[in-house]
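**Q** Residue numbers (the numbering used here), protein chains in the order written: chain A, 35 to 481; chain B, 35 to 497.
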């Protein structure tokens, strides 16, 4: 770990007078085992590294990267970032993060076990996962994929403005996609189990979930169109929160790309909604003590009792908004600079179980999966339309399966129309947690 | 990119423990981009990523390892790791000797991106921004993006194949936000081709800026989209995404082989309206999904998948083709040297029909006209797919009328294919796309004439 920080610090130290330099260095190892029909289908052992350098000169910003870390590559990358900066236009708010005195949370995100977990055991997990999914139900006709993956990720960021931070984390998971068949009809389902350490994985749960998700959709039909109450399964809610989080970033707000830009202090959601971003929560799989600029992450309540209270900021958006960084700089790897984003979003859970929530609904739709979030949801206008599948709710009970429909509303309306939140909060392998969510007056389009 | 003797030695190392097939994939990719947002050139980014991925196949097991170290030691270590991962039974020395294969290739990029001054690239952004903002005060935000990449690859395998390619792609896009009493709306326009900076001999970035702005402004007065099944007419070029999702993915041999496609075991059957001829063609010079060789060293192919509605073949990569004792169709692709190849589309299109496009609309009493599609998604096992409409209008009494708000359409591939009842004599390729599968993105193109689907479910909110 200190080796990466050494590299980052050395590059930042090459800054000229009147110039800001930031270096972000990553190193990652990954093992992936895919099982198919009781054998190893593929075994991948991957190791990758890279550096991204950001330079700010006279308010002008440039970025360059390289997939190698030798000194020649580092110097060439810095030179290229400088050259790139000279062609940008100045912005008085451009500038790297500076230490703000906030102590990073103490999080245990690294397990030495991942590095020494024997190959044979990884293979055995993947094969056992496939076997368990096939055996879970007689209607499971095949497995599309069954895999074990582990990663060990280390990063460091250093700047000429005094940032010098390093972090490391391990993660592993098993995931399986099943095919279920009955009467010539096929349905699919997925299941997973995730942890910091292989001992936390439970292939049986992943297999059972995948079998259940696929078989419960067998016999599904396409209903007519109507407006009704929907219940988002935790998996769906987590994806919805990801879209909401995007609209609450300083970047979207300052550049006029958020419908909530002028709404600070307004009631933008049902009063039962309290939405928090908190990467210091160790239960989140995306937990992290530091953000992409090396600033300590922190708990930021965004919506409290329905009222919009804050936006997320990195160093740039905070400076421009006259605010301070919320430790929300996020990076999508070393090939691009940091943007602003939510890291671990969660709703404050309610007190009712999913079945209690369903018991109160006469006519509704439990949405188990959505598709086309990237093509039918516009985070600028708020238009929301996705493909959906799941189970009909009749007289407070789960009824027949539904497929090939869409559900539509707007992000603004969905937040206002929330009428129930479950107690089933669970962190999922994405930057938000899931919880059952009841939303009224949603249009379901079908036949 | 690499000495032939070094490649031979690396392949021999990979085969030493009993591999049946080994492959070295070397990639050297340089990219650059420039972004204008919020009225100023915000940032330029450039970089280089290179390395090699080594694959060893033993029985049904593939071992894979990659390295950024292209020295003999680095390649040898990766070859050993891949061989160990494939866990061969051990089998003595195999000598591998590769020789270059003949490949037909399009003329190289006329203006390589590295020969163009950064100031010139940045200048395009400013032109697009000014043209977009000149469309009216309703335009409240504009971003424009220029991007280019040069990807040199070398593929060599234990069958003796050695092939190289030099792929240059250039991309430009403009996105606008319009604001009004109805809130915010967006409009986007993009172009991308497998060519160099000569892209801009044809692409007029000011016109692109104006079109993106108009799209956003038009949508300010958009009505809620209908909810339910209606006839849908898709404009020329727009429908490619529909076929990419409705059947393209379902015709990929890896999914077919696992029973995860509704099109499995249906070759020779009528799977679509007799109007439909679907082709996947990696040889279309200059198109976004063009290449001379795929990422397994096979020449790109012109592959007819559906002829007059009858399913003729699937798309194949090396691994799946080997099992079937046939040749790959040139559809083995990967995002980078860090990824295993799999079956992917290239440029997928429907051939033109005979109808007058105007007549197709005039003959539609009421429905939806989709002028521009967004992305989509499909479950190949069930055939259910969605695709987004980013510019669409109502059709009322045979005429295109009011714009409607964005949303997804949903349908079932095998059903929708049989419901195509009109095909125009026009044809256009659509916008450049990035197709995602199993976490890997690759550039793909698509195209269609104007077409009509008798019934598709539109996911709006209006009764």
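Ideal Cβ placement from N, Cα and C applies to all residues, glycine included. Note that this is a predicted model, so its numbers are computed, not measured.
Three or more C-beta pairs under 8 Å: does that hold for the region 428–438 of chain A against the region 277–290 of chain A?
**A** no
**Q** Given a cut-off of 8 Å on the beta-carbon distance, is the pair residue 98(A) and residue 115(A) in contact?
**A** The Cβ atoms of residue 98(A) and residue 115(A) sit closer than 8 Å to each other.
**Q** Taking its Cβ as the centre, do 16 or more other Cβ atoms sit within 10 Å of residue 128(A), making it buried, or is it exposed?
**A** Around the beta carbon of residue 128(A), a 10 Å sphere encloses 16 or more other beta carbons of the protein chains shown; the residue is thus reported as buried.
**Q** In the structure shown, what three-state DSSP assignment does residue 371(B) receive?
**A** The answer is coil: DSSP assigns residue 371(B) none of H, G, I, E or B.
**Q** Would you give the residue range spanned by the alpha helix (DSSP H) that residue 237(A) belongs to?
**A** In this chain, the alpha helix (DSSP H) harbouring residue 237(A) covers 237–249.
**Q** Any idea if residue 396(B) is buried or exposed, counting beta-carbon neighbours within 10 angstroms, 16 or more meaning buried?
**A** Answer is exposed; the Cβ neighbour count stays below 16.
**Q** Applying the criterion that 16 or more other CB atoms from any shown protein chain within 10 Å of the CB defines a buried residue, is residue 141(B) buried or exposed?
**A** exposed
**Q** Is residue 10(B) near residue 381(B), with beta carbons less than 8 Å apart?
**A** Limits of chain B in this structure are 35 at one end and 497 at the other, which puts residue 10(B) out of reach.
**Q** Could you tell me the distance, in whole angstroms, from the CA atom of residue 446(B) to the CA atom of residue 401(A)?
**A** 19 Å
**Q** Helix, strand or coil for residue 107(A)? Go by DSSP, reduced to three states.
**A** helix
**Q** Quick one: any contact between the region 60–77 of chain B and the region 367–375 of chain B, if contact means 3 or more CB pairs under 8 Å?
**A** Cβ pair count under 8 Å is three or more, so yes.
**Q** Give a yes or no on contact between the region 393–407 of chain A and the region 415–433 of chain B, applying the rule of three or more CB pairs nearer than 8 Å.
**A** yes
**Q** Starting from residue 451(B) and walking both ways along the alpha helix (DSSP H), at which residues does that stretch end?
**A** 447–452 is the span of the alpha helix (DSSP H), which, as asked, contains residue 451(B).
**Q** So which residues of chain B does residue 73(A) contact, with C-beta pairs closer than 9 Å?
**A** Result: 93, 94, 95.
**Q** Which partner residues does residue 469(B) have in the DSSP bridge list?
**A** 476(B)
**Q** Listed in chain order, which residues of the region 355–384 of chain A have Cβ atoms closer than 8 Å to some Cβ of chain B?
**A** 369, 370, 371
**Q** With 8 Å as the C-beta to C-beta threshold (strictly closer), list the residues of the region 427–440 of chain A near chain B in chain order.
**A** 437, 438, 439, 440
**Q** How many Å lie between residue 425(A) and residue 244(A) at the Cα?
**A** 16 Å
**Q** Determine the burial state of residue 331(B): buried for a count of at least 16 other Cβ atoms within 10 Å of its Cβ, exposed for fewer.
**A** buried
**Q** Does the count of Cβ pairs from the region 385–392 of chain B and the region 456–473 of chain B closer than 8 Å reach three?
**A** yes
**Q** Considering only residues of the same chain and omitting the five flanking positions on each side of residue 214(A), which have a CB-CB separation below 8 Å?
**A** 171, 173, 174, 175, 220, 221, 222, 223, 245, 248, 249, 251, 252
**Q** Give, in chain order, every residue of the region 402–423 of chain B whose Cβ lies closer than 7 Å to some Cβ of chain A.
**A** 408, 409, 410, 411, 413, 415, 416, 418, 420, 421, 422
**Q** If you check the beta carbons only, do residue 437(B) and residue 192(B) fall under 8 Å apart?
**A** No, these two residues do not count as a Cβ contact at 8 Å.
**Q** Mind listing which residues of the region 75–93 of chain A have their C-beta closer than 9 Å to chain B's C-betas, in chain order?
**A** 75, 76, 77, 78, 79, 80, 81, 82, 83, 84, 86, 88
**Q** Near residue 154(B), which residues of its chain fall below 6 Å by C-beta distance, leaving aside the five closest residues on each side in sequence?
**A** none
**Q** So is residue 82(B) in contact with chain A if we call contact Cβ pairs under 8 Å?
**A** yes
**Q** Beta carbons nearer than 7 Å to chain B: which residues of the region 286–302 of chain A have them?
**A** 289, 290, 291, 293
**Q** Please report the distance separating the alpha-carbon of residue 106(B) from that of residue 38(B).
**A** So the alpha carbons of these two residues sit roughly 12 Å apart.
**Q** Whose C-beta lies closer than 6 Å to the C-beta of residue 211(A) among residues of the same chain, with five residues either side of it excluded?
**A** 178, 179, 224
**Q** For the alpha helix (DSSP H) containing residue 350(A), list its first residue and its last residue.
**A** 349–355
**Q** Tell me the residue span of the alpha helix (DSSP H) that contains residue 42(B).
**A** Boundaries of the alpha helix (DSSP H) around residue 42(B): 38–49.
**Q** Ignore the nearest five residues each way along the sequence and tell me which others in residue 199(A)'s own chain have a CB closer than 6 Å to its CB.
**A** Non-local C-beta neighbours of residue 199(A) in its own chain, meaning closer than 6 Å and more than five positions away in sequence, comprise 191, 324, 328, ordered along the chain.
**Q** Quick check: residue 18(A) and residue 309(A), are their CB atoms within less than 8 Å of each other?
**A** Beyond the ends of chain A as shown, which are 35 and 481, falls residue 18(A); an answer cannot be given.
**Q** Per the contact definition of three or more C-beta pairs closer than 8 Å, is the region 203–223 of chain B in contact with the region 164–177 of chain B?
**A** yes
**Q** With a threshold of 8 Å between beta carbons, is residue 175(B) in contact with chain A?
**A** yes
**Q** My guess is that residue 464(A) and residue 441(A) are in contact by the Cβ rule of under 8 Å, so how many angstroms apart are they, rounded?
**A** About 20 Å separates the beta carbon of residue 464(A) from that of residue 441(A), a gap too long to meet the 8 Å contact definition.
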